[in-house]
Ligand SMILES: NC(=O)c1ccc[n+]([C@@H]2O[C@H](COP(=O)([O-])OP(=O)(O)OC[C@H]3O[C@@H](n4cnc5c(N)ncnc54)[C@H](OP(=O)(O)O)[C@@H]3O)[C@@H](O)[C@H]2O)c1
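Residue numbers (UniProt numbering): 1 to 318.
This is how it looks when you write it as structure tokens:
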């Protein structure tokens, strides 16, 4: 079968098309004929070689999210899964391929009316946004700032907050054009990346995909009892002393937390993902697909991600 491997860590042209033996589903696994592959920011981080310390080596097949049709099942998996359309998390790699294996607990059936391309646009980002908002104890009527809203997680957070009748939904983004698109999805205030544009405004909750050197200034945008939840580090790690911002405003009871979907039981993730898939099939949530490219063009997909051109999700098809 055809796969894409990280031949060499670094630039997008280090990705290469290769041939590999078709995988066999082990006990408790399914084999999926892949129809769509979600390309995420974390794939780019792995490709650059930044996560070598976590065991990522040159030669691996990247990607963690596919949708397609089950073509074989391993021991202990009900044969009725064969022929079903599914979304699947493949683990820390293995998705940039024509065939992929996944554990049965990491698989969510596709409802009628949801395409594989839409499924890999929502399947990971949707649950992250849902549980991160819950981690921030975000409640109807409260004000929210989504920092880094133009990515797949932010786009879902904006839509979920709008559905939950948020008070204010502010977003940071790099251009008025992107701001317009976010407003169509539910944002009520558009700020630039520094958070300028709504002087003095404070927020009950901040969902932060960016981190980086500017994180303290966003902690300072929290209202009394406000909560900032860090969901990603697209802009790098914050300064080592970022917590001083909270300590200096001690009397305001602000708080900071990180959130990782890894801490959510897999059954809960599947329940929320199924609900979001059904909502998308009914047209109540909008999967925002930036573009669909061939698997052979994985390098081009990464180049566009690195250039900051992607709004929403970029998807590959074998
Ligand atoms: N917590 C979890 O469980 C979990 C799960 C999966 C992934 N993640 C993490 O989530 C992140 C990826 O999320 P994503 O795919 O939604 O994001 P993304 O698409 O990589 O980035 C989101 C947006 O951030 C803005 N941006 C990019 N660089 C920036 C910078 N230096 N400063 C300020 N803004 C910047 C860009 O929008 P504009 O150009 O419009 O500003 C971009 O569209 C990664 O860090 C990944 O590790 C977390």
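Even glycine gets a Cβ: it sits at the ideal position worked out from N, Cα and C. Since the structure is predicted, the reported quantities are computational estimates derived from the model, not experimental observations.
| message | Rounding to the nearest angstrom, what Cα-Cα distance links residue 172 and residue 166 in this structure? | response | 17 angstroms
inquiry  = What does the alpha-carbon distance come out to for the pair residue 1 and residue 87?
reply    = 20 angstroms
Which residues in the same chain have their Cβ closer than 6 angstroms to the Cβ of residue 247, if we skip the five residues on either side of it in sequence? none
**Prompt:** residue 247: beta carbon under 8 angstroms from a heavy atom of ligand 1?
**Reply:** no
Inter-residue Cα distance where the pair is residue 287 and residue 312:
8 angstroms
_Those residues which DSSP pairs with residue 251 across a bridge_ = None; residue 251 has no bridge partner.
Review point. What is the rounded straight-line gap between the Cα of residue 76 and the Cα of residue 27?
Key: 6 angstroms
query = So, are the CB atoms of residue 24 and residue 318 less than 9 angstroms apart?
reply = no
_Other residues of its chain near residue 291: CB distance less than 7 angstroms, five sequence neighbours each side excluded_ = 314
Measuring alpha carbon to alpha carbon, tell me which residue in 179, 8, 82 is nearest residue 149.
179
Residue burial classification, residue 236 (beta-carbon count within 10 angstroms, cutoff 16)
exposed
*Name, in chain order, the residues that DSSP records as bridge partners for residue 256.*
228
Check your understanding: For ligand 1, is there a heavy atom less than 8 angstroms away from the beta-carbon of residue 228?
Key -> no
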